[in-house]
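Protein chains in written order, with UniProt numbering: chain L, 1 to 204; chain A, 1 to 648.
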């Protein structure tokens with residue numbers, strides 16, 4: 001820590017100005033590396049199990065294009081608006097930042113709503129986590145991503161409250177930046193889910 | 001649930017354990033109350049974010065777990081001493097070898113290593129703390145409650161009994177219906193989260209907080225091994241997280257990942273487990289190599305031979321450790337091509353390891369060797385570890401492995417690498433860095449007694465097991481008949497185990513004896529050390545370094561001493577030092593984790609959800625916390641430094 005922790009660098013963007021912020025941002029990148037390993041393991045599990053459907057439905061029988069497309073568009077758009085939020089933050093505009101964060105988390109909430117509806121539909125068709133290895137791995141992989149998005153929404157709300165209370169400071173700016181890294185990462189994971197789970201499932 | 005299902009009943013040994021647990025708890029509460037130490041406990045330890053104190057707590061926990069795992073080992077040896085023994089029944093034996101393995105790897109070896117790295121790494125790189133002191137406290141407490149949750153299994157609910165590898169389908173609901181394996185899944189998950197955060201914390205610390213002038217290639221070897229170990233942790237532990245989560249789903253919510261029906265695949269567990277499990281053994285052995293490198297170099301009074309080759313071989317081992325996992329189940333039908341690939345990668349690991357052995361030997365060559373206790377452990381490591389390594393290469397040959405697989409030959413092999421590697425390193429490191437933790441040395445005479453008892457006992461215990469394995473004795477069998485001819489070697493092995501136990505008792509006595517009568521370390525540099533931790537006073541001041549040292553070469557402190565001035569502090573240059581505040585929240589969050597875990601084990605979901613809400617509350621409070629720490633004034637630094645004789 002040392003006095004270096006409070007070493008203030010005016011030339012950097014707001015979120016990078018204190019040494020503490022620089023350490024936290026690097027640490028979060030490394031955490032995302034661990035998350036890559038985590039999702040890679042879940043993807044590997046899914047790919048090993050996805051044709052082992054037992055007595056349950058196959059991926060082709062189950063998946064429906066419409067809901068998945070809506071989820072995809074909502075989440076990809078939210079990644080864009082999250083980028084706009086950080087862009088506004090770099091220009092020092094608190095209102096713009098808050099507005100785009102709000103849009104982002106509403107899009108995220110829309111994504112979660114459609115995902116929950118999709119899951120409920122499957123369960124009504126008799127495709128539950130317990131039905132087959134394919135469905136166990138499907139629900140756990142996609143559900144882990146959904147849980148991450150939900151955590152991201154709560155996290156974003158907490159940061160918005162702090163922005164309203166404390167304004168744009170090096171500390172709140174760093175928090176916004178880190179949650180944005182998290183949000184973009186979830187977007188990337190979704191692209192893999194879309195490709196490896198839904199597209200592959202409907203073609204093979 | 002009836003009370004006699006909740007508590008484990010019907011075993012005299014368990015009743016004795018119940019009584020001793022209750023008495024110990026009463027004893028601790030009484031002593032803390034009588035000496036009015038509750039406040040001290042809270043302020044100095046439970047809320048601390050100081051890496052040195054956290055390291056000490058890790059090591060104390062590890063020694064306690066070494067006791068627990070050691071008792072398990074002695075119970076197993078007692079049962080196997082003679083044929084057809086009735087000391088333990090088969091179920092009890094299953095539980096004991098499961099907890100022995102799990103505890104020794106995850107709750108003894110790992111925390112011992114992590115404890116030493118907590119204490120030493122910031123000192124070696126000239127830093128005042130780790131990158132995230134608060135997170136560090138949370139890591140420790142998560143490990144600790146995970147360990148406690150695992151340890152109460154044997155009196156509440158029943159121990160896991162499917163081996164430390166918990167292979168499916170045995171570990172599934174069908175064949176292990178009790179709560180034992182729930183404990184395994186949940187307790188390991190909680191402490192695993194702590195370990196992952198430690199990995200991130202120390203990676204950032206080492207990358208970003210080195211003293212000016214300390215380039216990567218000027219880092220002490222122990223710090224190098226920790227850097228690489230952190231990378232292993234960051235990529236291996238998420239795999240364990242997922243594997244344990246899937247196991248938890250299978251056991252609590254009846255999913256079909258590893259089941260026998262509905263498409264489940266039990267081999268998937270074996271693969272996931274060992275994709276984590278093999279890097280895991282390197283997570284405990286690479287830091288050990290680092291510890292031996294420091295000690296050999298110090299007590300041979302020579303610069304480490306082939307520093308660069310050492311670094312590259314660590315990196316090589318780390319890379320290879322991710323592509324050898326199938327060698328743990330050559331016999332489980334992977335096919336000749338796959339087995340050959342993993343056979344070759346496994347044998348390849350012997351190359352960088354061999355490089356390191358020669359590095360140590362050449363460091364010793366023509367050195368002025370001092371035979372301290374720490375050095376004795378390091379010297380004994382080399383031949384003993386080579387025995388373990390060479391038999392490892394024998395096991396690596398897939399075709400031959402069909403003969404050795406799951407026999408006592410394997411047991412002997414991995415105890416030779418894990419004890420002669422990791423445990424010897426922990427003891428060596430403990431003796432070596434003890435003055436930095438407590439300000440006094442461990443008694444050398446008692447230390448040497450521990451060394452000889454333990455090292456000789458270790459060989460007497462495990463060397464015969466190679467032959468027992470070749471004679472056909474398989475692991476995890478709880479008894480055998482007299483006609484097999486295994487009795488004499490089993491008796492010998494038990495004698496060795498008892499000697500190791502006595503060695504451990506001498507070590508514990510040494511800790512007590514040295515606290516009372518041990519030589520106080522007034523200089524801060526009792527071994528004529530080479531690296532920066534010896535530039536501090538013993539025990540180390542709260543802020544580590546009053547002035548951050550400048551590094552010009554490898555063996556930074558040695559260089560300072562050779563330049564004739566040592567590490568002097570210019571009082572004019574002192575500035576107020578910023579330190580992080582203590583916090584009780586990591587401890588409280590971890591308590592919530594304990595109850596959440598306990599709720600999951602027994603499927604008491606209400607308890608689990610309430611506890612989870614407390615965890616979330618703790619995280620929210622942390623997010624809104626804007627405590628910026630505090631400053632230590634220049635006057636206070638001067639006073640501390642004069643007291644320890646480091647100041648002018």
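No residue lacks a Cβ here, since even glycine has one placed at the ideal position from N, Cα and C.
Once DSSP output is grouped into helix, strand and coil, what is the label at residue i?
i: residue 631 of chain A; result: strand
i: residue 407 of chain A; result: strand
i: residue 440 of chain A; result: strand
i: residue 128 of chain A; result: coil
i: residue 7 of chain A; result: strand
i: residue 520 of chain A; result: strand
i: residue 18 of chain L; result: strand
i: residue 5 of chain L; result: Only weak support is given to the placement of residue 5 of chain L: the predicted model assigns it a pLDDT of 45, under 50, and the value that follows is read from those uncertain coordinates. In this structure, residue 5 of chain L counts as helix in the three-state DSSP scheme.
i: residue 474 of chain A; result: strand
i: residue 165 of chain A; result: coil
i: residue 18 of chain A; result: helix
i: residue 570 of chain A; result: coil
i: residue 202 of chain L; result: helix
i: residue 120 of chain A; result: helix
i: residue 512 of chain A; result: helix
In the DSSP assignment, find the unbroken beta strand (DSSP E) run with residue i in it and report its ends.
i: residue 577 of chain A; result: 577 to 579
Between the C-alpha atoms of residue i and residue j, what's the straight-line distance to the nearest angstrom?
i: residue 3 of chain L; j: residue 635 of chain A; result: Low per-residue confidence applies at residue 3 of chain L: pLDDT is 44, beneath 50, and the placement is therefore not dependable, though the value from the model is reported in the following sentence. One C-alpha to the other measures close to 16 angstroms.
i: residue 422 of chain A; j: residue 285 of chain A; result: 6 angstroms
i: residue 181 of chain L; j: residue 198 of chain L; result: 25 angstroms
i: residue 565 of chain A; j: residue 29 of chain L; result: 41 angstroms
i: residue 98 of chain L; j: residue 160 of chain L; result: 7 angstroms
i: residue 17 of chain L; j: residue 11 of chain L; result: 8 angstroms
i: residue 585 of chain A; j: residue 161 of chain A; result: 34 angstroms
i: residue 166 of chain L; j: residue 13 of chain L; result: 18 angstroms
i: residue 616 of chain A; j: residue 48 of chain A; result: 21 angstroms
i: residue 476 of chain A; j: residue 330 of chain A; result: 19 angstroms
i: residue 365 of chain A; j: residue 455 of chain A; result: 23 angstroms
i: residue 571 of chain A; j: residue 427 of chain A; result: 38 angstroms
i: residue 5 of chain L; j: residue 209 of chain A; result: Legend: pLDDT at residue 5 of chain L = 45, less than 50; position of this residue unreliable, value from coordinates given subsequently. Spanning the two alpha carbons is a distance of roughly 10 angstroms.
i: residue 372 of chain A; j: residue 299 of chain A; result: 8 angstroms
i: residue 292 of chain A; j: residue 614 of chain A; result: 43 angstroms
i: residue 91 of chain L; j: residue 168 of chain L; result: 11 angstroms
i: residue 201 of chain L; j: residue 123 of chain L; result: 18 angstroms
i: residue 166 of chain A; j: residue 325 of chain A; result: 16 angstroms
Counting along the chain, where does the alpha helix (DSSP H) carrying residue i start and finish?
i: residue 121 of chain L; result: 94 to 124
i: residue 486 of chain A; result: It is not in any alpha helix (DSSP H) - residue 486 of chain A carries neither H nor E in the DSSP assignment.
i: residue 162 of chain L; result: 133 to 166
i: residue 91 of chain A; result: 90 to 102
i: residue 585 of chain A; result: 585 to 601
i: residue 281 of chain A; result: 266 to 299
i: residue 378 of chain A; result: 373 to 396
i: residue 354 of chain A; result: 350 to 364
i: residue 192 of chain A; result: 180 to 208
i: residue 607 of chain A; result: 605 to 624
i: residue 61 of chain L; result: 59 to 62
i: residue 244 of chain A; result: 221 to 253
i: residue 173 of chain L; result: 170 to 192
i: residue 58 of chain A; result: 51 to 80
i: residue 652 of chain A; result: The question about residue 652 of chain A has no answer, for chain A in this structure spans 1 to 648.
i: residue 480 of chain A; result: Segment: none, residue 480 of chain A is in no alpha helix (DSSP H) and carries neither H nor E.
i: residue 653 of chain A; result: This structure cannot speak to residue 653 of chain A, because chain A is shown only from 1 to 648.
i: residue 557 of chain A; result: 556 to 562
From the DSSP output, which residues share a beta bridge with residue i?
i: residue 90 of chain L; result: Residue 90 of chain L pairs with nothing; no bridge assigned.
i: residue 652 of chain A; result: Residue 652 of chain A falls outside the range modelled here, since chain A spans only 1 to 648, and no answer is possible.
Please report whether the beta-carbon of residue i lies at a distance below 8 angstroms from any beta-carbon of chain B.
i: residue 540 of chain A; result: Absent from the structure: chain B. Protein chains present are L and A.
Members of the segment 67 to 100 of chain L that neighbour chain A once the beta carbon cut-off is set at 9 angstroms:
none
Of all the residues that make up the segment 195 to 217 of chain A, which are near chain L by a beta-carbon distance shorter than 9 angstroms?
196, 197, 199, 200, 201, 203, 204, 205, 207, 208, 209
Return the residues of the segment 257 to 269 of chain A that lie within a Cβ-Cβ distance of less than 8 angstroms from chain L, sorted by chain order.
Of all residues in the segment 257 to 269 of chain A, 257, 259, 261, 262, 263, 264, 265, 268 have a Cβ within less than 8 angstroms of some Cβ in chain L.
Within 8 angstroms of chain L by C-beta, residues of the segment 119 to 134 of chain A in sequence order:
127, 128, 129, 131, 132, 133
Using a Cβ cut-off of 7 angstroms, which residues of the segment 177 to 201 of chain L contact any Cβ in chain A, in chain order?
none
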